[in-house]
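**Student:**
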Amino acid sequence: MGKTAIILGATGLTGGLLLDQLIVDSTYDK
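In this note's numbering, the protein residues as written are 127 to 156.
(1) Would you give the residue range spanned by the alpha helix (DSSP H) that D151 belongs to?
(2) Using the Cα positions of I133 and D155, report the straight-line distance between them to the nearest angstrom.
(3) Hey, how far is the Cα of A136 from the Cα of Q147?
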């Protein structure tokens, strides 16, 4: 069962980098 991450401010630089890392990480499914 994967985890769910909620990212606030994903359009900013830091949020965008975090989003990119979470997309390729198989630990999170949402």
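Even glycine gets a Cβ: it sits at the ideal position worked out from N, Cα and C.
**Tutor:** Concretely, from the data shown:
(1) Mapped onto the sequence shown, residue 151 falls at position 25. First-last for D151: undefined, no H or E at that position.
(2) Here residue 133 corresponds to residue number 7 of the sequence shown, with the count starting at 1. Here residue 155 corresponds to residue number 29 of the sequence shown, with the count starting at 1. So the alpha carbons of these two residues sit roughly 13 Å apart.
(3) Here residue 136 is taken as the residue at index 10 of the sequence shown, counted from 1. Here residue 147 is taken as the residue at index 21 of the sequence shown, counted from 1. In a straight line, the C-alpha of A136 is about 12 Å away from that of Q147.
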